[in-house]
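> I have a structure here, written as structure tokens, and I will follow up with some questions on it.
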Amino acid sequence: VPEISVMELAPEAMVGAVEGIVREIRSDGKVPILLGGEHTLTLGAVRALKEELDAVVILDAHADFYDDYEGRKVCHATVSKRVSEMVNEVLMYGIRTIGWEEMEELNYARNVNVLYTEISVEKALQEIMKIVRGKKIYLSVDVDVLDPSQVPCIGTPEPGGLSYKEVLKLLKGIMKESKVRAMDFVEFSPCPGMRSDAFLVAKLIYKSIGYHASYSGEHDLGCRPDE
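If you use my numbering, the sequence shown corresponds to residues 1 to 227, in order.
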């Protein structure tokens, strides 16, 4: 589909525009894959699909769980909080920075599971699968879940992140065991003259599409998912 022009839209209007496009794509039986840009676009996609979702899985360095941020209810710092108000289950992994206000909100959020980076990828995947195996999910990947040494050109870099291979392991496991109805990749902000991290993010998306096509059984790729 054409790129959605959102530069002149208020956040709420942007969310509405994304919601409309995602509904249209899903009504054709296709799997929407959104590329951002700012993480707030996730709200529009989840709003469009919430009736068919069992859970939302978010890979992110930040909790994004403020109830409001600098007076705004809808922005990148509140996206996970708003998502939790729309679906039955939210799982977050990769979190390595969080504010006190977010911690207070999470204490009252009974439908949110947070796995911090102190937990290994293998253990995190086991915990995620306990909840989402066989379920219909939305997958949101904020690329700052990766360590900034691998992807420096991101909106809010945070040291101590995951490696490319670790993120691939997560994506492969999630795609294999759950039913991904849509996904997004957000917060990449290309730096002029740098190509390596753009290529890494592009390949992450490419591999995710391959995993989904292979494990969903909707396409015959003629190859194994690990090729």
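For glycine and all other residues, C-beta sits at the position ideal for the given N, C-alpha and C.
DSSP on Ser-216, reduced to helix/strand/coil?
helix
> What separation, rounded to the nearest whole angstrom, lies between the Cα atoms of Ala-124 and Tyr-93?
One C-alpha to the other measures close to 7 Å.
> Quick check: Val-180 and Leu-204, are their CB atoms within less than 8 Å of each other?
no
> Are there three or more Cβ pairs, one per stretch, closer than 8 Å when the stretch 10-22 is compared with the stretch 42-52?
yes
> Pull up the distance between the alpha-carbon of Ile-257 and that of Lys-207, whole angstroms please.
One cannot answer for residue 257 here, as it falls past the ends of the chain, which runs 1 to 227.
> Answer yes or no: do Ile-58 and Ser-140 have a C-beta to C-beta separation smaller than 8 Å?
Yes.
> Helix, strand or coil, according to DSSP, for Ile-113 in the structure here?
Going by the sequence as given, residue 113 is Asn instead of Ile. Three-state result, Asn-113: strand.
> So Tyr-93 is in the beta strand (DSSP E); what residue range does that whole segment cover?
From DSSP, the beta strand (DSSP E) with Tyr-93 extends over 90-95.
> Quick check on Asp-142: does DSSP put it in helix, strand or coil?
Strand, per DSSP.
> Assess contact between the stretch 129-145 and the stretch 83-103, defined as three or more Cβ pairs (one per stretch) separated by less than 8 Å. Is contact present?
yes
> Out of Lys-30, Glu-38, Asp-184, point me to the one whose CA is closest to Glu-9's CA.
Correcting the residue type first, residue 9 is Leu in the shown sequence and not Glu. Among Lys-30, Glu-38, Asp-184, the Cα nearest to that of Leu-9 belongs to Glu-38.
> Could you tell me whether the Cβ atoms of Ala-182 and Val-79 are closer together than 8 Å?
In this structure, the beta-carbon distance from Ala-182 to Val-79 does not fall below 8 Å.
> Buried or exposed: Cys-75, going by 16 or more other Cβ atoms within 10 Å of its Cβ?
buried
> Run through the stretch 32-61 for me and flag every whole alpha helix (DSSP H) of 4 or more residues, listed as ranges in chain order.
Scanning the stretch 32-61 for uninterrupted alpha helix (DSSP H) segments of 4 residues or longer gives 41-49, listed from N- to C-terminal end.
> Rounded to the nearest angstrom, what separates Ala-242 and Glu-158 at their Cα positions?
A query on residue 242 cannot be resolved here, the shown segment of the chain reaching from 1 to 227 and no further.
> Of the residues Glu-12, Asp-28, Leu-35, Gln-126, which one's Cα is nearest the Cα of Glu-187?
Leu-35
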